[in-house]
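Engineer: In our numbering, the protein residues as written are 11 to 359. Next up is a structure, given as structure tokens.
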Amino acid sequence: MGRRMWKLLMLVFFILVVLLNIFVIGISPEEKMFNDFIIKYGKTYKNGSIEYQKRFGIFKESLARHKWLNSYRTGPHDAFYGVTQFADLTQEEFASSLLGGRARRPAFVLSRPKSDHQGKVTETAQPNKDIPKKYTLQGRHPPVLTSVKNQGTCGGCWAFSIVECLETQHALKTRTLYDLSAQQVLDCNNVGSDHGCSGGNLCETLKWLNSTKEKVVLAKDYPYKQKSESCDIVAISHGLVYLKNYTCHQYAGEEQEMVSLIYRHGPLLAAIDATSFQDYMGGIIQHHCTAHYDNHAVQIVGYDQTGPIPFYIVRNSWGATWGLGGYLHIKIGGNLCGIANAVGSVNTN
């Protein structure tokens, strides 16, 4: 190779190194995090596009919000917040697609009288005597919890929480765990206050299931579609599990009754304010939510009162990559996030 060619190659190499350094230096740490986020969650924003720039701007706002939320942490047990699959959504987009949105009518009952029930559960709530400090339905053999579901962009959490309680209660009773259809509850109920993917009324839906004794079919026979449709009459003719009776109570100021009921009877479904859950990564939630507005529904599957901060073990429906493998912890006491405002329990066949 001649000397001129060698010098030319060295010049080209030098230019490439300079350009590479300019490119690398030109990407901020925030943009690198955003690009990592795109890869991790399979987003399709093309680098340099208008949508990319828009979502990157929202992502940076999310990072600032995480910093503010985490500023309230005072100990290792406190909730911590960071980049979740929702970090590219504004808070308004998050609410409208997963919570039903604050601009619409409240998605759930804010409070219910303690007399709202049909029949009675196997065990009524008792004073908190002779129950363990820690109890969970997770990890049972045989299992009593199906896999964590992902409601996607449909605000059908209310249907999932009800169906999940039916699944678990039936498994506790029969030792047989079925994966039941949330889509059936979305499509087939005729409760006027239920609005499919825009939210539903937990207590009124339980009342409907109890009065009709409609049997819920397997999820594989009536699969979830992230939208509400007309009821599939053929599919529901093969139902398996039905609601025998239920309770739907308010436990504000009496949360130890909830704790007793979890241990003595089984899982609970509850309406909560999940506004800050967009950024939740782990720890025990103690702030950043209200007891005066509920916009989401969850299943409570246990509790832990062994540490300095007692908490409920709560199952969500945003997939297993969110939170603590799809679960979260909420402090017991003070009706945090409105968790004691509208609480349901079920009995099945």
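Where is the CB? At the ideal position from N, CA and C, for every residue including glycine. In this text the structure is predicted, and so the values were computed from the model without any measurement.
Helix, strand or coil for N31? Go by DSSP, reduced to three states.
Structural biologist: Note that N31 scores 49 on pLDDT, short of 50, meaning its location in the model is unreliable; the coordinates nonetheless yield the value given after this. Assignment of N31 by DSSP, reduced to helix, strand and coil, places it in the helix class.
Engineer: CA-CA distance, E239 and D197?
Structural biologist: 5 Å
Engineer: Is W332 helix, strand or coil when you go by DSSP?
Structural biologist: coil
Engineer: Say the cut is 7 Å; is the CB of M43 nearer than that to a heavy atom of the ligand COA?
Structural biologist: With respect to the ligand COA, the structure shown offers nothing to examine, as it has no ligands at all.
Engineer: Evaluate W168 with the Cβ neighbour count: other Cβ atoms within 10 Å of its Cβ, from every protein chain shown; 16 or more gives buried, anything less gives exposed.
Structural biologist: Label assigned to W168: buried.
Engineer: Going by C-alpha distance, which of Y261, C207, F321 and G335 is nearest L109?
Structural biologist: C207
Engineer: Between the beta-carbon of A281 and the beta-carbon of A352, is there less than 8 Å?
Structural biologist: yes
Engineer: Please state the DSSP three-state secondary structure of A169.
Structural biologist: helix
Engineer: Got a sec, what are the start and stop residues for the alpha helix (DSSP H) K42 sits in?
Structural biologist: P39 to K50
Engineer: Check each candidate in G293, V311, L250 and Q296 and name the one with the smallest Cα separation from V269.
Structural biologist: V311
Engineer: Mark G333 as exposed unless 16 or more other C-beta atoms lie within 10 angstroms of its C-beta, in which case mark it buried.
Structural biologist: buried
Engineer: Can you find at least 3 beta carbon pairs, one from the segment 309-324 and one from the segment 139-148, that sit closer than 8 Å?
Structural biologist: Contact holds: three or more Cβ-Cβ distances are below 8 Å.
Engineer: How many Å lie between I172 and P39 at the Cα?
Structural biologist: One C-alpha to the other measures close to 43 Å.
Engineer: Apart from the five residues on each side of it in sequence, which residues of its chain come closer than 6 Å, Cβ to Cβ, to H339?
Structural biologist: Excluding positions up to five away in sequence, the list reads I294 and F321.
Engineer: Taking the alpha helix (DSSP H) that G67 belongs to, which residues open and close that run?
Structural biologist: I60 to N80
Engineer: Find the nearest neighbour of T163 within the set Q194, K237 and T186, judged by alpha-carbon distance.
Structural biologist: Proximity to T163 across Q194, K237 and T186 peaks at K237, based on C-alpha coordinates.
Engineer: Between which two residues does the alpha helix (DSSP H) carrying Q296 extend?
Structural biologist: Segment: none, Q296 is in no alpha helix (DSSP H) and carries neither H nor E.
Engineer: Under 8 Å: do the segment 217-232 and the segment 251-258 share three or more Cβ pairs, one atom per stretch?
Structural biologist: yes
Engineer: Measure the C-alpha to C-alpha separation of E71 and R65 and round it to an integer number of angstroms.
Structural biologist: Roughly 10 Å between the two C-alpha positions.
Engineer: Does DSSP put K53 in a helix, in a strand, or in coil?
Structural biologist: In this structure, K53 counts as coil in the three-state DSSP scheme.
Engineer: Grab me the residues of D314's own chain with a C-beta within less than 6 Å of its C-beta, minus the 5 sequence neighbours each way, in chain order.
Structural biologist: Within the same chain, K144 and F321 come within 6 Å of D314 by CB-CB distance, once the 5 residues on both sides are set aside.
Engineer: Under three-state DSSP, which class holds A97?
Structural biologist: coil
Engineer: Between S286, E224 and S355, which lies nearest to F104 when the distance is taken from Cα to Cα?
Structural biologist: S286
Engineer: Please report the distance separating the alpha-carbon of D88 from that of C213.
Structural biologist: Distance between the alpha carbons of D88 and C213: 31 Å.
Engineer: Three-state secondary structure (DSSP) at G206?
Structural biologist: helix
Engineer: R277: buried (16+ other C-beta within 10 angstroms of its C-beta) or exposed?
Structural biologist: What sits at residue 277 in the sequence shown is Pro, not Arg. Buried.
Engineer: Alpha helix (DSSP H) containing I272: first to last residue?
Structural biologist: Note, I272: alpha helix (DSSP H), E265 to R274.
Engineer: Note down, in chain order, each residue of its chain lying with its Cβ closer than 6 Å to the Cβ of Y303, except the 5 sequence neighbours on either side.
Structural biologist: Excluding positions up to five away in sequence, the list reads D283.
Engineer: Starting from Q309, trace the alpha helix (DSSP H) both ways and give me its first and last residue.
Structural biologist: Run containing Q309: none in the alpha helix (DSSP H); it sits in the beta strand (DSSP E), H306 to D314.
Engineer: Give me the Cα-Cα distance between F118 and G343, rounded to the nearest whole angstrom.
Structural biologist: With a pLDDT of 38 at F118, under the threshold of 50, the modelled position of this residue cannot be trusted; read the value that follows with caution. The alpha-carbon atoms of F118 and G343 are separated by roughly 21 Å.
Engineer: Roughly how far, in whole angstroms, is the beta-carbon of H275 from the beta-carbon of S355, given that I think they are within contact range, below 8 Å?
Structural biologist: 6 Å
Engineer: Checking the sheet assignment: what are the DSSP bridge partners for N160?
Structural biologist: Under DSSP, N160 shares a beta bridge with W328.
Engineer: Taking only the alpha-carbon atoms, compute the straight-line gap between R75 and D289 and give it to the nearest angstrom.
Structural biologist: 9 Å
Engineer: Going by DSSP, what residue range makes up the beta strand (DSSP E) through K237?
Structural biologist: The continuous stretches of beta strand (DSSP E) do not include K237, and DSSP gives it neither H nor E.
Engineer: With DSSP as the reference, identify every bridge partner of C286, one or two as the case may be.
Structural biologist: Looking at the sequence provided, one finds Ser at residue 286 rather than Cys. Beta-bridge pairing links S286 to no other residue.
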